[in-house]
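Structure first, then comments.
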Amino acid sequence: RLDESCLALSEQQKRQAELKAKIVKALRYPALLLSVTVIVITIMLVWVLPQFAELYKNFNAPLPHFTRLLMACSETLIHHAPLFIGLLLSTALILTYRYRRSAQLRIRIQRALLHLPIIGQLITMANLSQLFYSLAMTQQAGLPLLKGLENAAQAQQNPIFRLAVEAVIENLHQGEALSLAIKQQSVFPSLCFQLIRVGEESGRLDQMMSRLAQHYQYQANSLSDTLAQMIEPIMMTVMGVIVGGLVLAMYLPIFQLGGIM
83 RLDESCLALS
93 EQQKRQAELK
103 AKIVKALRYP
113 ALLLSVTVIV
123 ITIMLVWVLP
133 QFAELYKNFN
143 APLPHFTRLL
153 MACSETLIHH
163 APLFIGLLLS
173 TALILTYRYR
183 RSAQLRIRIQ
193 RALLHLPIIG
203 QLITMANLSQ
213 LFYSLAMTQQ
223 AGLPLLKGLE
233 NAAQAQQNPI
243 FRLAVEAVIE
253 NLHQGEALSL
263 AIKQQSVFPS
273 LCFQLIRVGE
283 ESGRLDQMMS
293 RLAQHYQYQA
303 NSLSDTLAQM
313 IEPIMMTVMG
323 VIVGGLVLAM
333 YLPIFQLGGI
343 M
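Next up, the structure:
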């Protein structure tokens, strides 16, 4: 049983590593696009747009509102660049420090992430897969259910799911069935309650947990593929709209002057 448990643990860690690699790969290119977009916007606002502003000073006609708005943003950015950079860096440092020190802040951020479309589902499926794989292995190894849940709670990195498992443990100490304890926690979909109930009634709890783990692993992989397919075109569209809007704002007075003439 020990060698089987070690092999199952190795397979679980391999699956989790593969899923993490897929998510990182899906986010890497959009992150690069976002960085390029920020650099392009900064160059256009700090160096390119001021040159157009000098040119438009000789215009007798009023500039379009959109162009004037961007010029005002450009001037503000140029004159207060050190202040903006300092604010960004200090805000990032403060948030990082508070995130590491404050458990409540981590819980709030993780709870907010769970409500995001696709990303929230992906986080849920990945954590449920890890949790039920761990529980299935401890059941197959013959460990008591409470001990398996305690081990799963300690291994859980997401604070929302760790608190949910700890609440389940507390309910079990009070004599409640596992299926009913899981049903009371909102992070567990109804499928968890249904299959755990079947496992309790049939005496095949480890098999039902393994089935749940496989189901949520499959769902997590599918969602990561969906995220990879969706995020790239969305980022390309956003980048095109932003850069295109800046170019339009710079040349709009010329088009307007041509129409007047």
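Using my numbering, you'd call the opening residue of the sequence shown number 83 and step up by one each time.
The C-beta atom is built at its ideal place from N, Cα and C for all residues, glycine as well.
Quick caveat: nothing in here was measured; it's all calculated off a predicted structure.
- For residue 335, the three-state secondary structure derived from DSSP is helix.
- In the assembly as shown, residue 99 is an exposed residue. Its beta-carbon has fewer than 16 other beta-carbons within 10 Å.
- The alpha carbon of residue 224 has as its nearest neighbour, out of 185, 178, 287, the alpha carbon of 287.
- Contact annotation, residue 211 with residue 310: C-beta distance approximately 18 Å; criterion of less than 8 Å not satisfied.
- Boundaries for residue 256: no alpha helix (DSSP H) harbours it, and the DSSP string shows neither H nor E there.
- For residue 161, the enclosing alpha helix (DSSP H) has its first and last residue at 147-161.
- The beta carbon of residue 240 is closer than 8 Å to those of 192, 205, 209 in its chain, skipping five residues each way along the sequence.
- Secondary structure at residue 167: helix, using DSSP grouped into helix, strand and coil.
- Excluding residues up to 5 positions away in sequence, 227, 230, 287, 288, 291 lie with their Cβ nearer than 8 Å to the Cβ of residue 221 in the same chain.
- DSSP, reduced to helix, strand and coil, places residue 265 within a helical segment of the structure shown.
- Annotated as proximal: residue 196 and residue 269, with beta-carbon spacing under 9 Å.
- The three-state secondary structure of residue 237, taken from DSSP, is helix.
- At the C-beta level, residue 273 and residue 297 come within 9 Å of one another.
- By the neighbour-count criterion, in which 16 or more other beta carbons inside 10 Å mark a residue as buried, residue 329 falls on the exposed side.
- Only exposed fits residue 103, as fewer than 16 other CB atoms lie within 10 angstroms of its CB.
- In the structure shown, residue 112 adopts helical secondary structure according to DSSP, grouped into three states.
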